[in-house]
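So the sequences go chain by chain: A and B.
Under the working numbering, the first residue of the first sequence carries the number 1, and numbering increases by one thereafter.
Under the working numbering, the first residue of the second sequence carries the number 340, and numbering increases by one thereafter.
Number of protein chains: 2
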Amino acid sequence: MAHRIEFRDTHISLAHGNGGRMMRELIEQVFVTALANPRLDTHADAVALPIPADRELVVTTDGFTVQPLEFPGGNIGSLAVHGTVNDLAVSGAVPHFITLNVFLEEGLEIALLRRVVDGLAAAARDCGVVVVAGDTKVVPRGDCDGIYLATTGIGFRPHGTHLGMDQVRAGDRILVSGPIGDHGAAVMLARQEFGLYGELRSDAASVLAQAQALMTVAGLRFMRDPTRGGLGTVAHELARATGLGVRLAEASIPITDSVQSICELLGFDPLFLACEGRIVAVVAPEAADAALSALRTVAPRAALVGELGAGAPQVVLDTAFGGQRALDELEDDPLPRIC
Amino acid sequence: MAHRIEFRDTHISLAHGNGGRMMRELIEQVFVTALANPRLDTHADAVALPIPADRELVVTTDGFTVQPLEFPGGNIGSLAVHGTVNDLAVSGAVPHFITLNVFLEEGLEIALLRRVVDGLAAAARDCGVVVVAGDTKVVPRGDCDGIYLATTGIGFRPHGTHLGMDQVRAGDRILVSGPIGDHGAAVMLARQEFGLYGELRSDAASVLAQAQALMTVAGLRFMRDPTRGGLGTVAHELARATGLGVRLAEASIPITDSVQSICELLGFDPLFLACEGRIVAVVAPEAADAALSALRTVAPRAALVGELGAGAPQVVLDTAFGGQRALDELEDDPLPRIC
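1) For A:Asp9, which option in A:Thr65, A:Leu295, A:Ser206, A:Glu109 has the closest C-alpha, if you only look at C-alpha atoms?
2) Once the 5 residues before and after B:Leu427 are set aside, which same chain residues still bring their CB inside 7 angstroms of it?
3) Which class does A:Phe97 belong to by DSSP, given the choice of helix, strand or coil?
4) First and last residue of the alpha helix (DSSP H) that includes B:Arg453?
5) Just list the beta strand (DSSP E) runs in the segment 143 to 185 of chain A, keeping only unbroken ones of 3 residues or longer that don't cross its boundaries, in chain order.
6) For A:Pro336, would you say it is in contact with chain B, using Cβ-to-Cβ distances shorter than 7 angstroms as the test?
7) With 16 other CB atoms within 10 Å as the buried threshold, where does B:Phe607 fall?
8) Please work out which residues of its chain come closer than 7 angstroms, Cβ to Cβ, to B:Ser591, disregarding the five sequence neighbours upstream and downstream, and give them in chain order.
9) Less than 7 angstroms between the beta carbons of B:Arg560 and B:Val507, yes or no?
10) Consult DSSP for B:Gly564 and reduce its assignment to one of helix, strand or coil.
11) For B:Gln663, list the residues DSSP reports as bridge partners.
12) Measure the C-alpha to C-alpha separation of A:Val116 and A:Val131 and round it to an integer number of angstroms.
13) If you draw a straight line from the C-alpha of A:His3 to the C-alpha of A:Arg301, how long is it?
14) By alpha-carbon positions, which one of A:Gly73, A:His162, A:Ala326, A:Val81 ends up nearest to A:Ala190?
15) In angstroms, rounded to a whole number, what distance separates the CA positions of B:Ala578 and B:Ile513?
16) Assign A:His16 to buried or exposed, taking buried as 16 or more other Cβ atoms, counted over all protein chains shown, within 10 Å of its Cβ.
17) For B:Met340, which residues from the same chain have a beta carbon less than 6 angstroms from its beta carbon, with the 5 sequence-adjacent residues on both sides left out?
18) Among all the DSSP beta bridges, which residues are the ones paired with A:Arg247?
19) Closest Cβ-Cβ distance between B:Phe442 and chain C: below 7 angstroms?
20) Expressed to the nearest angstrom, what Euclidean distance is found between the alpha-carbon atoms of A:Thr233 and B:Asn414?
21) Thinking just about the alpha-carbon of each residue, which of B:Leu631, B:His575, B:Leu610 is nearest to the one in B:Gln549?
22) Go through its chain and collect everything with a Cβ distance to A:Glu286's Cβ below 6 angstroms, but skip five positions before and after it.
23) On the three-state DSSP scale, how would you describe A:Asp41?
24) Assuming A:Gln314 contacts A:Gly230 (C-beta within less than 8 angstroms), just tell me the rounded distance between them.
25) Name the chain A residues whose beta carbon is nearer than 9 angstroms to that of B:Thr399?
26) Of all the CB atoms in chain B, is at least one closer than 7 angstroms to the CB of A:Pro68?
27) At a CB distance below 9 angstroms, what residues from the segment 362 to 379 of chain B approach chain A? Give them in sequence order.
28) Does the Cβ-Cβ distance between A:Leu49 and A:Phe103 come in under 7 angstroms?
29) Does any CB atom of chain A fall closer than 7 angstroms to the CB of B:Thr581?
30) At 8 angstroms on the CB atoms, spell out the chain A contacts of B:Leu553, in chain order.
31) Just verifying my parser: in three-state terms, what is the DSSP assignment at B:Leu669?
32) Are the beta-carbon atoms belonging to A:Gly92 and A:Leu200 less than 7 angstroms from one another?
33) Does the beta-carbon of A:Glu264 have 16 or more other beta-carbons within 10 angstroms, so that it is buried, or is it exposed?
34) Would you grab the beta carbon distance between B:Val429 and A:Asp45 for me? Rounded to a whole angstrom, and I think it's under 8 angstroms.
35) Mapping DSSP to helix, strand and coil, what is A:Phe349?
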């Protein structure tokens, strides 16, 4: 937008969602000023995007309802970008474009919205993606918890990329790219409902460099970013999809002291806490060393944490004390609204 | 999903959003059973989509917060499909794929959710689109008004399609493909807060056939589906983007008697009521007759309703009584949560 009138409103009202003047000003002055790029045309219903001739189109989508909206290491805006970029990255794609849906609660402070949009814009710049289309809805006070976001990511990958749980075989190894549970623990602390305060930061970040490092390794079968439900849930999904048993070696799983302490204090299992900047990868047994080396060039704390074998499709944990325990699937929600 | 366990829960709980067993069952038993198609893989983070070699990729996105969730002529699910398909259609594209974000309120009746998902699935089948990716979030009771949806649509159009407000010239004519305001009026009545009951149905439907009919006409400049803010808001957007004056002939604008009566009773201006199955098109003056004929093959009540001319970038209404009045831009929200 050419003109730079200062946006005067301090709080969101229903009229910011009605398609009229106030909505136009909100979009121009708050969203477009932060997200401007040559493809973003707020006058258009849809946008045409270029497709590299030698690449395959890959698409993903995610919703975000995290509370609080701001937490150490990010906010709902940067989290939406990282979450979306990461789903493309673990599919072997390089992310290019994002569409953005914003649900706003009447009464929301514009200053907070600006910080969220700025966080989103900064994360998008860091990840090399641009917002190419968007929509904003305003709902009455009490019908939304401040801000919800929904993003769709569009990226491209080489034709013939075969990654997926259907590629996984007995004997394959499981790697994790860094300490688990940081995002879940940081958001939990940021809620302050436990009366705990810490230095913990969310690990929310792009995993594109990690994923691209793994893509160079022959024998890469599958990648996933262990968000909601954490590493434990990815392990269960692997067992269910492959019919294989999953063994995780507890002592090998990287975890920071802070996350470990918080979990012990509050009775959470870090295996089920969300990460937002890690990859779980499955590789052929003979590729495990190469994959770990490749991963460590960009993720020094990456580790080999388990393997898939014959036997019942369960998840078994070899405990640090030399015992074994079955890891049950997550039933109750230990921590809602984590992403 | 292969197994067909009956989904036993009757209401949404927070655990349906936690990434564990209950979320998996909700997705498999409620969403996948209705939306199943070969591209929808709930185990994958992202999906690869085929691109026709001779077409341009076109993307759009929209959020939906309509209240009530069900109304005569549709529900929030079918509305999301029609709204998304229509944004692609007016861009000259044929819609192919949709991504779906669902925000659910704790306590929502599963039976209602099923009706919404069924409405969405039926509309998708009618429109020839498939849901290729999705995400579900559950928020605590009171933090959402039942269901919000966000969809991104992906379609393809011929290379070199030049449609847009930047194509519009002085002298161009404005067409509408049918009676205006039906969606806005129907949703308003469905709220029952006015104590009025009527036969009125939303016009929510795909405009793809209308758009494709117009695409055959040389001299087509611009199309839009006049949703939030209605025809009046599209007229203002045209004036602002082109710097031209917009004249609308009130007597030529198609409107049903029911919508007219409701508006007179309640003091609404039908020009600002949402349509969800209409197109506003701008065509070169010499193409107006051909465009109207083409449009009427699929939209019998299509009409020529105005033109763009030199003069101040305002919207002027030639009234049915031979007078003129300036049509102001929408300020307050006459009817929030209409889409």
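C-beta atoms are modelled at their ideal positions from N, C-alpha and C, and glycine is treated no differently.
The model shown is predicted, which means the values in this text are computed figures rather than measured ones.
On the basis of the coordinates in this document:
1) A:Glu109
2) Val397, Thr399, Pro434, Gly492, Gly494
3) strand
4) 449 to 466
5) 147 to 158, 173 to 176
6) Closer than 7 angstroms to the CB of A:Pro336 there is at least one CB belonging to chain B.
7) With at least 16 other beta carbons inside 10 angstroms of its own, B:Phe607 counts as buried.
8) Ala642, Leu643, Val644
9) yes
10) First, the amino acid is wrong: residue 564 of chain B is Asp here, not Gly. Reduced to three states, the DSSP call for B:Asp564 is coil.
11) According to DSSP, B:Gln663 bridges with B:Asp657.
12) 14 angstroms
13) Model confidence at A:His3 stands at a pLDDT of 44, short of 50, so the residue's coordinates are unreliable and nothing is read from them.
14) Nearest to A:Ala190 by C-alpha distance, out of A:Gly73, A:His162, A:Ala326, A:Val81, is A:Gly73.
15) 12 angstroms
16) buried
17) In this prediction, B:Met340 scores a pLDDT of 37, lower than 50, which makes its location untrustworthy; no coordinate-derived value is stated.
18) A:Glu307, A:Val316
19) Absent from the structure: chain C. Protein chains present are A and B.
20) Approximately 34 angstroms between the Cα atoms of the pair.
21) B:Leu631
22) Taking A:Glu286 as the centre and dropping the five residues before and after it, the same chain places no C-beta closer than 6 angstroms to its C-beta.
23) Judged by DSSP in its simplified three-state form, A:Asp41 adopts coil rather than helix or strand.
24) Contact doesn't hold; Cβ gap of about 17 angstroms is too wide.
25) Ala44, Asp45, Ala46, Val47, Thr99, Ala133, Asp135
26) No, A:Pro68 does not count as interfacial toward chain B.
27) Under the 9 angstroms Cβ criterion, the segment 362 to 379 of chain B contributes Met362, Arg363.
28) no
29) no
30) In chain order: nothing, as chain A lies at least about 14 angstroms away.
31) coil
32) no
33) exposed
34) 5 angstroms
35) Residue 349 of chain A lies beyond the residue range present for chain A, which begins at 1 and ends at 339; the question has no answer from this structure.
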